[in-house]
Each structure stands twice: as C-alpha cells, then as structure tokens.
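Engineer: Residue numbers (the numbering used here): 3 to 287.
Don't be surprised by glycine CBs; every beta carbon is placed ideally from N, CA and C.
Take this structure, written in structure tokens, and hold onto it; I'll ask about it next.
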Ligand code: PLP
C-alpha cells in the first residue's frame, strides 16, 4: 500500500512519524474517515468541513488546503486502486523537541498529516446489513467535547471490547439516562414513519452520514425528531439503526438482549440504506 505522510507518497513500511509526535504522546490530533464507492469519494465536502471545524476548535493550524486534500485523497485512491473502501486522514499537532503539555509554536513545529487507504471490497453490499446488529448499552465515560473528532478513541475501543465480550456487535453509550451515540456511529430509533436521533450538541459527534440521512428521510416524507431517547424507549421502538461513513445505514435488531420487532432489519432502515447508497453514489466525486 502507498500512504501519504507530510507531502510524500511512500510505501507503508517506509513511512515514519517521530516518537515525539503529540498524536502519539497525547492523542493531540484529529481525524476523518471518508468512504470510497465505485472509486469515488462519498461526501468529501462534509468531511473536509468537519475537519476544518475540528482543527479550529483545537487551535490547530490548517496544514493543507481543501483543494490539495481532495487531490491527495484522489491520488491515493488511484495509486492503491480502491474501488470500495475507506480513506483515513489524521492531523496531529506535530512533533516538538521534547514532551510538554504546553502547545508548541506552530511556526517551528508543523502539524503531522497522514493519510492511508483501506481496501474493503463489498463494503456497499455488506451481508451485515441484511442480518442487522446487536448492541449493548454502556455508560458514556468520554470527555465533554465529543463534537470534535479527536484520536482519543480508548473509551470507544473499550466499549467495542465490552460489546464483543457480551456477544454483541457494538455498544450504545448512555449518559444521564439517555443514549448519546454508538462507539463509532450515531444512533437512531424508528416509530412508524418517524425517525428519532439525539439532537446535535457537544455530547455527540456531528455525523456527516447523519446529516445526509436526515435530509434524505425528510425528502422521503418521513418525520425527523432530533431529541434524546432512553434504552427502554429504544427497546420498545419498531426499528433501530446506526449511521457512519464506513457502515452507511446499518440496522440494529437487538438492544441489551431484547429483540426489536421480529428480530430482523425493519423496512424503514432498509429503505434509508438504499436511498443513502443511491444518492451518495450519484453525488460521489
Ligand atoms: N459518532 C462517533 C463517536 C463516531 O466515531 C462516528 C464516526 O466515526 C460517528 C458518530 C459517525 O460520523 P460519520 O457519519 O461522520 O462517519
């Protein structure tokens, strides 16, 4: 695989980052994951805009223009011959001479920027979407700025391990009695023709897929309610699903051991997945 590091395209085993990099020492970095279908980027603009916002919120310089970022994404897709898969992008506050809590001067310590591709043939036609996934609930123990897409993924990673140990596929995190989101996705429930998902705030990541799916749902005459919901309400819902750049719309069929409906993916989730994939394919660049 060819990867991108600070302006260079290199074979992955030749790519290097300093041991003093603040991404490594302090999780001082942000990231984005953009999907590729038919060799094209899904919602690149949305991901680029959120990246800019994450950098601004953390007072990090913008080390690359959005035009150049698009070029790098496209070049990696071309070189690595990605038809279906993902592009991972990470920007950290660089590698100062020594470890220090205080931010380094951006004039002397440039950001580190890394991109790599992940080849996932069959991503859009995933069998998991036909089966649906099982989730468990866990307490949300993350920091208070979940709207910034930082590389501090230890708690979500622990959440996935807890889900795995319980025989489930993922965990929905709960704070003050209400679901915030999944470990790496936004969470939704469906009641009749209404789609319910938590309102945007610092408590959740503002999913790029979420924004697109809510737009498509409204266009398809579904009602959208942006509000918090409990695990009990979710267990009594007609359907549930999650969204993320890498899973698109993925049905949830079981929550804390309780099956939703007949335990198979519901029609609204299946329809939204289809609409999302169709529309995203058309708009891909
Ligand atoms: N919420 C969290 C915590 C995430 O990590 C992610 C994606 O990685 C999402 C939601 C979904 O965001 P997006 O649709 O932009 O991939």
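So what does DSSP say about residue 193, is it helix, strand or coil?
Structural biologist: In this structure, residue 193 counts as strand in the three-state DSSP scheme.
Engineer: Considering Cα atoms alone, identify which of 44, 94 and 40 is closest to residue 85.
Structural biologist: The shortest C-alpha separation from residue 85 is found at 40.
Engineer: In three-state terms, what does DSSP make of residue 117?
Structural biologist: strand
Engineer: The beta strand (DSSP E) spanning residue 153 covers which residue range?
Structural biologist: Boundaries for residue 153: no beta strand (DSSP E) harbours it, and the DSSP string shows neither H nor E there.
Engineer: Give me whichever residues DSSP pairs with residue 250 in a beta bridge.
Structural biologist: Partner(s): 246.
Engineer: For residue 114, which option in 177, 205, 24 and 140 has the closest C-alpha, if you only look at C-alpha atoms?
Structural biologist: 24
Engineer: Are the segment 206 to 213 and the segment 179 to 198 in contact at 8 Å, needing three or more beta carbon pairs?
Structural biologist: yes
Engineer: Using only CA atoms, which one of 247, 6, 278 and 276 lies nearest to residue 118?
Structural biologist: 6
Engineer: My assumption, with CB atoms under 8 Å, is that residue 52 sits in contact with residue 136. Please give the rounded CB distance.
Structural biologist: Not a contact, Cβ separation roughly 29 Å.
Engineer: Give a yes or no on contact between the segment 87 to 102 and the segment 126 to 144, applying the rule of three or more CB pairs nearer than 8 Å.
Structural biologist: No, because fewer than three Cβ pairs between the segment 87 to 102 and the segment 126 to 144 fall closer than 8 Å, the two stretches do not touch.
Engineer: Pick from 110, 258 and 120: whose alpha carbon is nearest that of residue 181?
Structural biologist: 258
Engineer: Less than 8 Å separating the beta-carbons of residue 35 and residue 282?
Structural biologist: no
Engineer: Quick one: does the C-beta of residue 19 sit closer than 7 Å to a heavy atom of ligand 1?
Structural biologist: no
Engineer: Per DSSP, what kind of secondary structure is residue 181 in: helix, strand or coil?
Structural biologist: strand
Engineer: Grab me the residues of residue 97's own chain with a C-beta within less than 6 Å of its C-beta, minus the 5 sequence neighbours each way, in chain order.
Structural biologist: Only 20, 22 and 23 meet the Cβ criterion.
Engineer: I need the straight-line Cα distance from residue 184 to residue 243, nearest angstrom please.
Structural biologist: 10 Å
Engineer: Note the first and the last residue of the continuous beta strand (DSSP E) segment covering residue 232.
Structural biologist: Note, residue 232: premise wrong, no beta strand (DSSP E); not H, not E.
Engineer: Over what stretch of residues does the alpha helix (DSSP H) that includes residue 91 continue unbroken?
Structural biologist: Unbroken run through residue 91 is the beta strand (DSSP E), 87 to 94; no alpha helix (DSSP H).
Engineer: Cα-Cα, which of 246, 274, 238 and 81 is closest to residue 12?
Structural biologist: 81
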